[in-house]
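Chemist:
Protein chains: 2
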Amino acid sequence: MTFPVVGMVGGGQLARMTHEAGIPLGIKFKLLSDTPQDSAAQVAGEVVIGDYRDLDTLRAFARGCDVITFDHEHVPTEHLRALEADGIPVRPGPDALVHAQDKGVMRAKLDEIGAPSPRHRIVADTADAVAFADEVGGFPIILKTVRGGYDGKGVWFVRTAEDARDPFLAGVPVLAEEKVDFVRELAANIVRSPHGQAVAYPVVESRQVDGVCDTVIAPAPDLDEELGGQAQELALRIAKELGVVGHLAVELFQTTDGRILVNELAMRPHNSGHWTMDGAITSQFANHVRAVLDLPLGDPRPRAPWTVMCNVLGGDYPDMYQGYLHCMARDPQLKIHMYGKDVKPGRKVGHVNTYGDDLDETLERARHAADYLRGTIVE
Amino acid sequence: MTFPVVGMVGGGQLARMTHEAGIPLGIKFKLLSDTPQDSAAQVAGEVVIGDYRDLDTLRAFARGCDVITFDHEHVPTEHLRALEADGIPVRPGPDALVHAQDKGVMRAKLDEIGAPSPRHRIVADTADAVAFADEVGGFPIILKTVRGGYDGKGVWFVRTAEDARDPFLAGVPVLAEEKVDFVRELAANIVRSPHGQAVAYPVVESRQVDGVCDTVIAPAPDLDEELGGQAQELALRIAKELGVVGHLAVELFQTTDGRILVNELAMRPHNSGHWTMDGAITSQFANHVRAVLDLPLGDPRPRAPWTVMCNVLGGDYPDMYQGYLHCMARDPQLKIHMYGKDVKPGRKVGHVNTYGDDLDETLERARHAADYLRGTIVE
Numbered sequence: 001m002t003f004p005v006v007g008m009v010g011g012g013q014l015a016r017m018t019h020e021a022g023i024p025l026g027i028k029f030k031l032l033s034d035t036p037q038d039s040a041a042q043v044a045g046e047v048v049i050g051d052y053r054d055l056d057t058l059r060a061f062a063r064g065c066d067v068i069t070f071d072h073e074h075v076p077t078e079h080l081r082a083l084e085a086d087g088i089p090v091r092p093g094p095d096a097l098v099h100a101q102d103k104g105v106m107r108a109k110l111d112e113i114g115a116p117s118p119r120h121r122i123v124a125d126t127a128d129a130v131a132f133a134d135e136v137g138g139f140p141i142i143l144k145t146v147r148g149g150y151d152g153k154g155v156w157f158v159r160t161a162e163d164a165r166d167p168f169l170a171g172v173p174v175l176a177e178e179k180v181d182f183v184r185e186l187a188a189n190i191v192r193s194p195h196g197q198a199v200a201y202p203v204v205e206s207r208q209v210d211g212v213c214d215t216v217i218a219p220a221p222d223l224d225e226e227l228g229g230q231a232q233e234l235a236l237r238i239a240k241e242l243g244v245v246g247h248l249a250v251e252l253f254q255t256t257d258g259r260i261l262v263n264e265l266a267m268r269p270h271n272s273g274h275w276t277m278d279g280a281i282t283s284q285f286a287n288h289v290r291a292v293l294d295l296p297l298g299d300p301r302p303r304a305p306w307t308v309m310c311n312v313l314g315g316d317y318p319d320m321y322q323g324y325l326h327c328m329a330r331d332p333q334l335k336i337h338m339y340g341k342d343v344k345p346g347r348k349v350g351h352v353n354t355y356g357d358d359l360d361e362t363l364e365r366a367r368h369a370a371d372y373l374r375g376t377i378v379e
Numbered sequence: 380m381t382f383p384v385v386g387m388v389g390g391g392q393l394a395r396m397t398h399e400a401g402i403p404l405g406i407k408f409k410l411l412s413d414t415p416q417d418s419a420a421q422v423a424g425e426v427v428i429g430d431y432r433d434l435d436t437l438r439a440f441a442r443g444c445d446v447i448t449f450d451h452e453h454v455p456t457e458h459l460r461a462l463e464a465d466g467i468p469v470r471p472g473p474d475a476l477v478h479a480q481d482k483g484v485m486r487a488k489l490d491e492i493g494a495p496s497p498r499h500r501i502v503a504d505t506a507d508a509v510a511f512a513d514e515v516g517g518f519p520i521i522l523k524t525v526r527g528g529y530d531g532k533g534v535w536f537v538r539t540a541e542d543a544r545d546p547f548l549a550g551v552p553v554l555a556e557e558k559v560d561f562v563r564e565l566a567a568n569i570v571r572s573p574h575g576q577a578v579a580y581p582v583v584e585s586r587q588v589d590g591v592c593d594t595v596i597a598p599a600p601d602l603d604e605e606l607g608g609q610a611q612e613l614a615l616r617i618a619k620e621l622g623v624v625g626h627l628a629v630e631l632f633q634t635t636d637g638r639i640l641v642n643e644l645a646m647r648p649h650n651s652g653h654w655t656m657d658g659a660i661t662s663q664f665a666n667h668v669r670a671v672l673d674l675p676l677g678d679p680r681p682r683a684p685w686t687v688m689c690n691v692l693g694g695d696y697p698d699m700y701q702g703y704l705h706c707m708a709r710d711p712q713l714k715i716h717m718y719g720k721d722v723k724p725g726r727k728v729g730h731v732n733t734y735g736d737d738l739d740e741t742l743e744r745a746r747h748a749a750d751y752l753r754g755t756i757v758e
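These protein sequence lines map, in sequence, to chains A and B. Per our numbering, residue 1 is the first one in the first sequence, and the count goes up by one each step. Per our numbering, residue 380 is the first one in the second sequence, and the count goes up by one each step.
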């Protein structure tokens, strides 16, 4: 048999769920993980423990892999180029991935291809950030380090010149963005393969709490059909222009004046696509694997009128397994996805999916289960 | 966290798919496998290589497991009792499992509880088999070794006294059964937990080719509602009377005169339940895990009007991956499940699932994909 070896860098939950999705395909999955306790390392068959920042480690890992893909976007761009020079297919490749690694490069490229962004520019220091605020009509503004941020880290909501000091302490270039007046956040998830086939999932609504994704509703309720189509087309165009291979999440603001603006890009399976595991004909993870192997992509359409995903965040209760009894007995249709991670307050340790014909009921079921597992509610 | 450790004995595809189903539950899965190349051993995180027939190996494996369950029914009954005596929960337990291990014990128990079987008795030798044939109206009859058979192995279709010699060569007790006039084979799959909760999947039609399961249609087409209910109730009753924990498959004959008779019992996830992976709200594998952990069971109802499973058997083509291009491009809704097994003629190396609103179309899609992967058809 000539089933290929997919090497995945990073042992987080995205790798865990990618491995899960790869099992039915009969492919061989090889993981590069920081520790044997990492989420994916607990459940994968072939695990190499090592530091993805070390080129020799990456090279040794890549040997015998037919393709390399990623759980996160933190592998240095120059290492990815070195792997490519070694003849290893890297998907997404460094020329695409840099746009998800560096928010400055991302904004410049989006401007170049005419994709709508919040007003923005790189700012040199606090005084320059204040000047930018003046240019966009005053504070508040958003400051972001161009590299290294995720889940609200590396992002500052800046109301005063005083607030505009911390972002410069790390010595990393800082991107300033206007504070957009938005009614909600959306995400357009697509998957693209090397030969150019692409599929678009329905656009979803993503609700954040404290900068962390909390709830995703698929499809986004009451979304104007034309605006939804625009969002899908935008994501497909970004993927094509940037040469993305695999899953691309385009996080969007739906503005009060009815436009969509690109907030962030992620070139890997994404939290806003976790609903697809139970709610779509083909999950984002299965399609990501198919894309990086240049296999024909699976049908991205939903299987139910509504699917809701709620993240399970760590709370005060360390023992989430205890909550299974209540949650499973209350809702035999509930889908629990836990990541094998130790509970720490605010940490994403799992998610739940529900689907059904009635949005309110579907939402309530997911909300209840996530809150119960976290320990926020007790019945 | 107190997530439990589920130990599974046997590294075949049932263990592989059980591991896959266990990942979202965040449980720890530990495998006892004959070799590192076994289907499940390729993809599981914690694998112990050893011989399940050796009690010391089993005992060492069971240490640290919260429960032991099985990929197959071949672990000696006395070893299971020893594990139980050590205080390890064994699910299903030896008192239940013996009915799936020994067809003689199974038939005696079914008689005792009034479950309908083909006419049968243990026969001592060829002459006794001929006598049995006379008792049931003449040849053909079926002879089965009471232990060790599966997928048509250990089963003889006996047309003459001459045919009735081989079954006795192994020196194992032989069960004789009448050849039932049946219109088709059905399977009633249920899952039962230690505290007595049980769920019943819709009764399916199972089509065999050369004694090996080939196609499963869920639900069984044109099945009389009352007969379907009888089959589900029968399976639930057998599970209760035999003390089964986990998945129980009751293979049935639907006779020409409109009765159902028990053909075989399997106390583990079963080929006739593979359709549930894509066709039911909760798969047989997920429910088996929930049952052995005494968690509330998941909803067994179908997600689509029709789901069809076709086994992919090994053919002349060793490279099944090549067929993915055609199959995935032709049918973006196709669900492929490959087991990582080397292709040998007639060996079950995977299965495909399709679902849809129209039975003929759903059947054709699954049939085409299975035949194409096997290499029976080329387009």
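All C-beta atoms in this analysis are idealised placements derived from N, C-alpha and C, irrespective of residue type, glycine included. The structure presented is a predicted model; accordingly, all values stated were derived computationally and were not measured.
1. Under 7 Å Cβ-Cβ, which residues of chain A neighbour Y703(B)?
2. Is R761(B) helix, strand or coil by DSSP?
3. Are the CB atoms of V384(B) and C444(B) nearer to each other than 7 Å?
4. Answer with yes or no whether the minimum CB distance from D678(B) to chain A is below 7 Å.
5. Between the Cα of G346(A) and those of K153(A), D38(A), A304(A), K179(A), spot the shortest distance and give me the residue it belongs to.
6. Determine the direct distance from the alpha carbon of L297(A) to that of L704(B), and round the result to whole angstroms.
7. If you draw a straight line from the alpha carbon of N311(A) to that of G350(A), how long is it in whole angstroms?
8. Please state whether the Cβ-Cβ distance between E73(A) and Q101(A) is less than 7 Å.
9. Here's a check: name, in chain order, each residue in its chain whose Cβ is nearer than 6 Å to the Cβ of P167(A), leaving out the five neighbours to either side.
10. I need the straight-line Cα distance from D490(B) to L14(A), nearest angstrom please.
11. Use the C-beta contact count for A618(B): other C-beta atoms within 10 angstroms, 16 or more gives buried, fewer gives exposed.
12. Let's see if you can read the secondary structure: which residues bound the alpha helix (DSSP H) around V509(B)?
13. Applying the 10 Å Cβ sphere with the 16-neighbour rule, what's the burial state of G211(A)?
14. Could you confirm whether any beta carbon from chain B is found closer than 7 Å to the beta carbon of T2(A)?
15. Under a CB-based cut-off of 7 Å, is E399(B) close to chain A?
16. Is there a C-beta anywhere in chain A that falls below 7 Å from the one on G694(B)?
17. Should V583(B) go down as buried or exposed, given a rule of 16 or more other Cβ atoms within 10 Å for buried?
18. Tell me the DSSP secondary structure of P140(A) in three-state form.
19. Return the residue from the list Y372(A), D163(A), I68(A), G50(A) that minimises the CA-CA distance to A127(A).
20. Taking Cβ-Cβ distances shorter than 8 Å, what residues in chain A pair up with P648(B)?
21. Could you give the residue range of the alpha helix (DSSP H) that holds A549(B)?
22. Rounded to whole angstroms, what is the Cα-Cα separation between G87(A) and L55(A)?
23. Tell me, please, which residues DSSP counts as bridged to P302(A).
24. Report yes if the C-beta distance between T77(A) and V98(A) is below 7 Å; otherwise report no.
25. Considering only the alpha carbon of each residue, which of D657(B), E514(B), A487(B), G622(B) lies closest to L713(B)?
26. In its own chain, which residues sit with a C-beta less than 6 Å from the C-beta of Y580(B), not counting the 5 before and 5 after it?
27. If the cut-off is 7 Å on Cβ atoms, which residues from the segment 587 to 613 of chain B count as contacting chain A, listed in chain order?
28. List the residues of chain B that L25(A) touches, going by C-beta distances under 7 Å, in chain order.
29. Can you list, in chain order, the residues of its chain whose CB lies under 7 Å from that of M380(B), leaving out five sequence neighbours each side?
30. Find the residues of chain A that neighbour Y431(B), judging by a C-beta separation of less than 8 Å, and give them in chain order.
31. Closer than 7 Å by beta-carbon distance: list the chain B residues that pair up with Q254(A), in chain order.
32. Pick out whichever of G243(A), V191(A), A187(A) has its Cα sitting closest to the Cα of P221(A).
33. Provide the residue span of the beta strand (DSSP E) that contains G246(A), from first to last.
34. Check whether the Cβ atoms of A475(B) and L621(B) sit closer than 7 Å, and answer yes or no.
35. Taking Cβ-Cβ distances shorter than 8 Å, what residues in chain A pair up with G483(B)?
36. Give the residues of chain A in contact with M707(B), contact being defined as C-beta atoms less than 9 Å apart.
Modeler: So, from the listed chains and residues:
1. The contact set of Y703(B) on chain A, defined by CB atoms closer than 7 Å, consists of L295 in chain order.
2. With chain B represented from 380 up to 758, any question about residue 761(B) goes unanswered, as that position is not in the structure.
3. yes
4. yes
5. K153(A)
6. 10 Å
7. Straight-line Cα distance between these residues: approximately 6 Å.
8. yes
9. L143, W156, V174
10. 52 Å
11. buried
12. 505 to 514
13. exposed
14. Answer yes: the Cβ-Cβ gap between T2(A) and chain B drops below 7 Å somewhere.
15. yes
16. Output row for G694(B): interface = no.
17. buried
18. coil
19. D163(A)
20. What P648(B) touches in chain A: nothing, since even the nearest Cβ is about 15 Å away.
21. Taken as a continuous stretch (DSSP letters only), A549(B) belongs to no alpha helix (DSSP H), as it is neither H nor E.
22. One Cα belongs to G87(A), the other to L55(A), and the distance between them is close to 15 Å.
23. A280(A)
24. A contact, by the Cβ cut-off of 7 Å.
25. D657(B)
26. N568, P679
27. Taking 7 Å as the Cβ-Cβ cut-off, the segment 587 to 613 of chain B has no residue approaching chain A.
28. In chain order: I715, M717.
29. The predicted position of M380(B) is uncertain, since its pLDDT is 49 and thus under 50; no value can be drawn from it.
30. Those do not exist, as Y431(B) stays about 20 Å from chain A at its closest Cβ, beyond 8 Å.
31. Under the 7 Å cutoff, chain B gives no residues; its nearest Cβ is about 29 Å from Q254(A).
32. When each option's Cα is compared against that of P221(A), the closest is A187(A).
33. 246 to 255
34. For A475(B) and L621(B), yes; Cβs fall inside 7 Å.
35. In chain order: nothing, as chain A lies at least about 37 Å away.
36. R290, L295, P296, L297, G298
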